[in-house]
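Below: the structure, in structure tokens.
Residue numbers (this note's numbering): 851 to 1007.
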């Protein structure tokens, strides 16, 4: 029976009907090729599995980070609400818009409460923080001038 080798395409004569290769060398080459293909398939499967696992890990990590950020945000809001309930001027400043009357009232209150500021006078847009109508004047001056500037002046003894 005459057959063609599947590796080198040479014709060879054999008595076996299932023989595919003309020599041991071609047979070893076929085995190496089959091993190479099998290993490549295994690598691809492993890579897909690792990629899927890595994607799942990243998704879980992102979900955990998002959950922690959400919890931190809730905690921050709860803390802000409790500080507002206690009348904390800094909390009032965080809630109010910077150009509003409420913000500047809280600003004044916070400055006056600070023990270390007793020997100082704060001026915002040349308006003393101890002025009776400080907040209204500052809001009006911000609208007029379009900017805010402040300075801290030490009281003379």
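Every residue gets a Cβ at the ideal spot worked out from N, C-alpha and C, and that includes glycine.
Among the candidates 979, 939 and 974, whose CA atom is the shortest distance from the CA of residue 960?
Nearest in C-alpha terms to residue 960, of all of 979, 939 and 974, is 939.
Using a Cβ-Cβ cut-off of 8 Å (strictly less than) and excluding sequence neighbours within five positions of residue 989, which residues of its own chain qualify?
So the list reads 949, 950, 951 and 954, once near-sequence residues are dropped.
Start and end of the beta strand (DSSP E) containing residue 1000?
For residue 1000, the enclosing beta strand (DSSP E) begins and ends at 1000-1004.
Alpha carbon of residue 856 to alpha carbon of residue 903, nearest angstrom
C-alpha of residue 856 to C-alpha of residue 903: approximately 40 Å in a straight line.
Beta carbon of residue 958, beta carbon of residue 975: below 8 Å?
Result no, Cβ atoms of residue 958 and residue 975 do not sit closer than 8 Å.
Quick check on the burial criterion: 16 or more other C-beta atoms within 10 angstroms. Buried or exposed for residue 866?
Per the 10 Å Cβ criterion, exposed.
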